[in-house]
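This report concerns only the one structure given below.
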Amino acid sequence: MTGKRRWQVGKRNFEQAFNAVFHDKQAFNDFCSLDVRSEIETFVINSRTIYRTSKKFKKYLRFIDKVILRHLDKNEQVVHSYLKEKSVLTAVKAHSSSKCFFLTDIKDFFTSVKTQNVLHLLTRDKLRIPITDFERYIETIVNLTTFAGSIPVGFPTSPSLSNSFLLEFDAVLEKYCCEHGFIYTRYSDDIIISGKSFEGFDNLENDVQSMLYKSASEDFFLNTKKTRLTQIGNKVKILGLVITLGGSVTIDSKYKKTLESLLHFYINDKEKYKDLLERTLHGKEHSLFGLVHYVKSIDQAYLEKLQRKYGAYALSALMEDRWSDK
């Protein structure tokens, strides 16, 4: 059993759900008694602690995510992270008709979701989980999905837990924004609020912080270094994407410049193409393949412009995946 059906375990007890997925390749008792510390490696990257899980532990966490955590409640009207049919693009597109923007993020997001918070949300949503004896295993799931007192960066379960934990906050902020004529979306820890003007923005930062404090956790703080206001007329860059004066969403101009230069030399001068590829993308044509597909996923009109300018054949050649089997 593979793909989507593999995770459709139905209404059964937790051990039955586990065995339906692992088919005796892993023991349920091993899962329940796993020593998390022995199954992870710790790295520090840019002052952030990242955890890499063993292959076995990663499979266990993915099982928890698919069978348990995907059923947790979350506000799908405003949340665009880690959900099917949602993406960075949908999070930004919701604001494409706005003129003024408040942008911020939550400081140390994952590590601010504490062990007791995970216990709270699993208990809160226990009736949503299609496992007959789920309540009996809540503590086990908490122990497997948290480490050093919080949800770790690098665990496959952390995105779903963080989305669900902010359910009450998302509802309160969504209501606030509706009452003020604002639009609100969230992508992971990034909070985007926009409106037709800056009217009502004066106390927005304080109000959002207050809502975080009251509706999420006293451990949650906005990242003041990344909090900013901007408006159409300036370069409105959100989550790496740009909202244009005309209200369309496209990729950043620096990527366009790199891509168009590479395409020009790809067609006209292969030596200069290789040299520029080395200087801009470390010589990796697979990165160019990724950039072209990124354009396709974000701005189809711009891709069509490139096809007209540089030829559909050149674009299709660069979009061909020659790396999957390597």
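Basically this note's numbering = 1-based index in the sequence shown + 16.
Glycine included, every Cβ here is placed at the ideal spot set by N, Cα and C.
Secondary structure of ARG338 (DSSP, three-state): coil. Excluding its 5 nearest sequence neighbours in each direction, ALA107 has C-beta neighbours in its own chain below 7 Å: HIS96, THR201, TYR203, ILE208 and LEU255, listed in chain order. A Cβ-Cβ contact shorter than 9 Å links THR173 with LEU77. Runs of the alpha helix (DSSP H) lying entirely within the stretch 106 to 145 and spanning at least 4 residues, in chain order: 131 to 140.
Counting along the chain, the unbroken alpha helix (DSSP H) around ILE157 starts and ends at 154 to 161. The straight-line gap separating the alpha-carbon atoms of PHE163 and GLU151 is approximately 21 Å. Assignment of PHE150 by DSSP, reduced to helix, strand and coil, places it in the helix class. Per DSSP, the unbroken alpha helix (DSSP H) holding ARG78 starts and ends at 71 to 83. Nearest C-alpha to ILE66 among VAL37, LYS72, ILE56 and LYS74: ILE56.
In this structure, ASN219 is the residue among ASN179, PRO175, ASN219 and PHE171 with its C-alpha nearest to the C-alpha of TYR192.
C-alpha of LYS253 to C-alpha of LEU331: approximately 26 Å in a straight line.
In this structure ILE267 is not in contact with GLY327, their Cβ atoms being roughly 20 Å apart against a cut-off of 8 Å. DSSP places ASP206 within a strand segment (E or B) once states are collapsed to three. With a beta-carbon spacing of about 30 Å, THR131 and SER103 fall beyond the 8 Å limit used to define contacts. By the Cβ test, the stretch 261 to 281 is in contact with the stretch 318 to 327, since at least three Cβ pairs between them sit closer than 8 Å. Secondary structure note for THR58: its beta strand (DSSP E) is the uninterrupted segment 56 to 61. The three-state secondary structure of SER264, taken from DSSP, is coil. Counting along the chain, LEU319 sits inside the alpha helix (DSSP H) bounded by residues 316 to 326.
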